[in-house]
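Enquirer:
In our numbering, the protein residues as written are 3 to 774.
1) Helix, strand or coil for residue 362 per DSSP?
2) Using 10 angstroms around the beta-carbon of residue 746, count the other beta-carbons present and answer buried if the total reaches 16, otherwise exposed.
3) Which term fits residue 375, buried or exposed, when burial requires 16 or more other beta carbons within 10 angstroms of its beta carbon?
4) Pairing CB atoms from the region 330-349 with CB atoms from the region 211-229, are three or more of them under 8 Å?
5) For my contact list, residue 707 and residue 680 are in at a C-beta cut-off of 8 Å; report their separation, rounded to the angstrom.
6) Could you name each continuous alpha helix (DSSP H) segment of 4 residues or more that falls completely within the region 92-155, going from the start of the chain to the end?
7) Going by DSSP, which residues form a beta bridge with residue 285?
8) Looking at residue 504 and residue 497, is the spacing between their C-beta atoms short of 8 Å?
9) DSSP puts residue 268 in a beta bridge; with which residues?
10) Assuming residue 764 contacts residue 703 under a Cβ cut-off of 8 Å, what Cβ separation, rounded to an integer in Å, is found between them?
11) Classify residue 752 as helix, strand or coil using the three-state DSSP reduction.
12) Once the 5 residues before and after residue 184 are set aside, which same chain residues still bring their CB inside 7 Å of it?
13) Rounded to the nearest angstrom, how far is the Cβ of residue 99 from that of residue 149, given a contact under 8 Å?
14) Please report the straight-line C-alpha distance between residue 554 and residue 639, rounded to a whole angstrom.
15) What are the start and end residues of the alpha helix (DSSP H) that includes residue 671?
16) By the three-class DSSP mapping on this structure, what secondary structure does residue 525 have?
17) At which residue ranges does the region 165-211 contain complete alpha helix (DSSP H) runs of 4 or more residues, listed in the order of the chain?
18) What do you get for residue 336, buried or exposed, if any count of 16 or more other CB atoms within 10 angstroms of its CB means buried?
19) What is the residue span of the beta strand (DSSP E) that residue 65 lies within?
20) So if DSSP puts residue 706 in a beta bridge, which residue, or which two residues, is it bridged to?
21) By how many angstroms is the C-alpha of residue 236 removed from the C-alpha of residue 514?
22) If you pair each beta-carbon of the region 307-319 with each one of the region 267-274, do three or more pairs fall below 8 Å?
23) Rounded to whole angstroms, what is the Cα-Cα separation between residue 2 and residue 57?
24) Tell me whether the region 281-288 and the region 185-197 touch, counting them as touching only if at least three CB pairs, one residue from each stretch, are closer than 8 Å.
25) Thinking C-alpha only, which one of 147, 123, 125 is nearest residue 112?
26) Given this structure, state the Cα-to-Cα distance separating residue 689 from residue 739, to the nearest angstrom.
27) Rounded to a whole number of angstroms, what is the C-alpha to C-alpha distance between residue 767 and residue 659?
28) Leaving out the 5 sequence neighbours to the left and right, which residues in its chain are closer than 8 Å to residue 629 when beta-carbon positions are compared?
29) Who are the near neighbours of residue 672 in its chain, counting only those whose CB is closer than 7 Å to its CB and skipping five residues on each side?
30) Using a Cβ-Cβ cut-off of 8 Å, state whether residue 250 counts as contacting chain C.
31) In terms of residues, what are the limits of the alpha helix (DSSP H) holding residue 471?
32) Specify, as a first and last residue, the run of the alpha helix (DSSP H) that residue 83 falls within.
33) Could you check which residue in 368, 308, 199 has the C-alpha nearest to that of residue 177?
34) For residue 621, report the span of its beta strand (DSSP E) as first-last.
35) Using alpha carbons as the reference points, say which of 157, 516, 484 lies closest to residue 304.
36) Out of 656, 642, 530, 233, point me to the one whose CA is closest to residue 678's CA.
See the structure below:
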């Protein structure tokens, strides 16, 4: 049965009467046989229910004090947490508390012994773990009556508190060995001028034991230190004493569970109260007190001691004899100190022992203002050149101010020269600061208040969602953005703005500012538009040139259906001139005329599309159909060149967003180049293979020839403008092809074949990336 972490400890007395002590705060007791019997009944019910399932290992933890009694609770929480983590549901954990800070009466202990004896018949522990020396002494004293054969794991105590025979029978020990002189040496190490040490310790039985022990251990220091013992005072009197200690004093808090008036206390809370009024530094014994007001030193590790005890307990529960474990002493940490206390009491860190660790250090200037310092360093580089050799602080400051002023002027001049407008938005308040250049760009009158809404109104309605989304994403991710958008000025003029911004957070992370620049890029956008128009014109001229090279083949493609149409028409005239024309035969002739007319019309339609000027339009189209159209258009040219074209087109390819005319231009150019490369091959050795395949998120077209291959094996050289291996041509065809594919967000590259020839590959994305 696992006791709740928030349940008050129960001290059994007079057989069945219970005293409930919530958190060691000294609440009124709730007594009576009725409550005791109810608790026993609940225990029996839970025991019966647990017996119905698997049998977990039973561990009885005997606490020396109540549920909130540092450092013992620090030890017990670490022990129970580690034990449950390692054992899981295979451990049945129960707890009982002596609460020796309140009750040290042997009669009350006898009542607890009787209670434990009665429940042994229903709940026999597999391991007993006394935590703290009062619990250890209790278990050792009554072991023969309570746990004669049960393994015992003594922990959370000094070895001196047990008798020499305590570990002889099925018992293990994990604890500490307090070094009394070492505590005083720690104090004198960092405060060598100390003349008085006030000893804060309570009046419970365990505290009386340690008061006696430490008095003896401190005797070697009495010739130079005046020890002021406060164990016969109430906590309020201790506070008054520590408030008015003489100069060169130090406070050493050993333990405070109960003061001389019988009032129980939480040792950590008492430490904090003393720290609030003390006029001298404080030292303690345990690691968990660091940060609560002590200066520091070699502190004992109650938490680690609890974890080590739990690990040993697991091994005992798994069958290892307790007596097989040698007594283990968990020593103190290497020296650790609280930086805040060192500063408060002006203790020089040079006095700390070698290897000391200083905690709770307030971040320095670098940690607090790293971004500003990095920016300042850039300016200081210039300052350093100006102040080299100067040692007078006043002159150095004057040069720094001059350098800073010049730097600001240069930044302002650079911003003006680049036509940059600087602005800043506070994300929390929507307050906006803008430079004069921003007002000029957005045509906001000087002296007029500027907020986010004023900016928003100037943005073109079609671009407002884009800009708002970029700003929102930058603030949420503490990142930045770079976008181009249009603004609509009051006179109806549309201008293009390039904006770039980055989030700047304050040191506490609560305030976020968006710092950015804006620049008018209307002229650049117009130049880009003109460049695109010129590019489209170049694409068109390239198509015209390619079709010019194919004019003979295209004429044959037209002459063939026209010749068939003429022959059929003449045959029909001849039949109609007879006396009895064959009507079915005439119908077949007319059907042939219509079919050949459609064939000629398709050729003309393809030619018109290729010769037509127009803007690039990406539409989802079937790539295989485009390839078949191009092969059909080139059929006569391929026959004339003696080239055999083989196509292996994958089925169910996804549509790709392409400009049909431009993609036909690319295929025409690549196929005609492949035919040119194979012109020197024997007629039967001119094979062209075209295949398609689906890749991850893309469609790939491969065009393989058996020509002379790549010049010097360099695949990138053939895509350079004006590079050609032919005796005719300008060498811009493949360069234009790569530009067209790049405009489709795809790739065009060449790979040498294993034998001879080259394979050109085109990769086009299934979904076109969104325009920025």
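Cβ atoms here follow ideal geometry from the backbone N, Cα and C, with glycine treated the same way.
This one's a predicted model, so the numbers in the text were calculated from it and none came from an experiment.
Expert: Looking at the coordinates:
1) coil
2) buried
3) exposed
4) no
5) 6 Å
6) 108-121, 135-148
7) 254
8) no
9) Residue pairing by DSSP leaves residue 268 without any beta bridge partner.
10) 4 Å
11) strand
12) 300
13) That belief does not hold up - the Cβ atoms of residue 99 and residue 149 are roughly 17 Å apart, past 8 Å.
14) With a pLDDT of only 49 at residue 554, under 50, the local geometry of the prediction cannot be trusted, and no value is derived from it.
15) 662-679
16) helix
17) 182-192
18) exposed
19) 59-65 is the span of the beta strand (DSSP E), which, as asked, contains residue 65.
20) Bridge partners of residue 706: 691, 761.
21) 52 Å
22) Taking 8 Å as the limit for Cβ pairs, the verdict is that the region 267-274 does not touch the region 307-319.
23) Residue 2 lies beyond the residue range present for the chain, which begins at 3 and ends at 774; the question has no answer from this structure.
24) yes
25) That would be 147, whose Cα lies nearest to the Cα of residue 112.
26) 22 Å
27) Rounded to the nearest angstrom, the two C-alpha atoms are 8 Å apart.
28) Within the same chain, Cβ atoms closer than 8 Å to the Cβ of residue 629 are found at 649, 651, 669, 692, 694, 703, the five residues on either side in sequence being excluded.
29) Close CB contacts of residue 672 within its chain, under the 7 Å cut and outside five residues either way in sequence, are with 705, 739, 762 (chain order).
30) Although the question refers to chain C, the structure presented lacks it and comprises just one protein chain.
31) Taken as a continuous stretch (DSSP letters only), the alpha helix (DSSP H) holding residue 471 covers 466-479.
32) Counting along the chain, the alpha helix (DSSP H) containing residue 83 begins and ends at 74-89.
33) Answer by Cα proximity: 308.
34) Segment 621-623, the beta strand (DSSP E) holding residue 621.
35) Nearest of 157, 516, 484 to residue 304, Cα basis: 157.
36) 642
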